[in-house]
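Down below is the structure, laid out as structure tokens.
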Amino acid sequence: MQATFEPLAATFNNLTKTYVRFPKKKSANPWKIEPSHKSQRGSFENPGQVILRCRSIFGVAARADVVTVMVCAPRLGWTASELVERTSLAKRVIADVLQDLERGGILRSTAIGNRLRYDLVARSQLATLVGVAPTQVPVWSSILPFMAGASWLVEHAPGRNETALLVDAQKLVTAFLEEQARLGRVWSPPAFESWPDLAGWLADEIDLVAMGRSSWLVEPALTGSRIRPKRQ
């Protein structure tokens, strides 16, 4: 172990520019390594760094995550429940953040039924402050589990009963579409009578996501909240 650590320590000390130095023997020689420079920090102005810019402004906390979602989405109005779907944070945390942002003048609330819808007060000014946002902000917490489930079904299909496969696939697709509907994307469920056709559809959708051309990746441009006032 000591014989392996000595050249590792020497290599680390030789390549890094930090005050941290690994202890080693003076006789230890570093390995001959040519850095590839592949792992480099991207430009802070890059659209994909919008979450880092929000965190530098609003702090490394839920507040920055909420602002990022609201700035990047071309829609008006969010409830705490909708933001829970997008951030995977607890509803109580989201509610506290929304109240703080409203007190700070960044949001305004509108009562709809027994819930509050929050809108940005000055979207364009806030967008200018935050910087260029990415054109797509996929909800990976919804998309990736569906893709994993679809891949598993396709992989384990050989030898299984076709009816059982169709039932499992229908459950997977229905649950995914219901979750997407809560996010504002309303699609009709595909209708297939055979497993090969459904497996082909699943494979095509996974390929479209991988290529960045799927409609699942696009934020719906809504003009308002989908909440309807409760009937009295």
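So for the sequence shown, the numbering used here puts the first residue at 2; every next one is plus one.
A virtual CB, placed ideally from N, CA and C, is assigned to each residue, including glycine.
None of these values were measured; they are calculated from a predicted model.
I'd like the list of long-range same chain contacts for L154, defined as Cβ closer than 8 Å, with 5 residues on each side in sequence excluded. L166, D169, A170, L173, A200 and L203
For T175, does the three-state DSSP call read helix, strand or coil? helix
Beta bridge counterpart(s) of T111 as assigned by DSSP: In the DSSP output, where bridge partners are listed per residue, T111 has R118.
According to DSSP, W79 sits in a beta bridge with which residue or residues? Y119
C-beta atoms of S215 and E180 nearer than 8 Å: no
To which residues of the same chain is V136 closer than 8 Å at the C-beta, ignoring the five residues directly before and after it? The sequence as given places Thr at residue 136; Val does not occur at that position. Correct list, in chain order: P48.
What are the start and end residues of each continuous alpha helix (DSSP H) run of 4 or more residues lying completely inside the stretch 25-65, in chain order? 51-59
Continuous alpha helix (DSSP H) stretch holding Q126: start and end: R124 to V131
Let's test the definition: count the other Cβ atoms within 10 Å of the Cβ of V187 and tell me whether it reaches 16, buried, or not, exposed. exposed
Hey, out of R116, V122 and R161, whose CA is closest to V72's CA? Nearest C-alpha to V72: V122.
Locate the alpha helix (DSSP H) running through W153, then write down its first and last residues. W141 to E156
Quick check on this structure: which residue in M148, R87 and G114 has the alpha carbon closest to the alpha carbon of V138? R87
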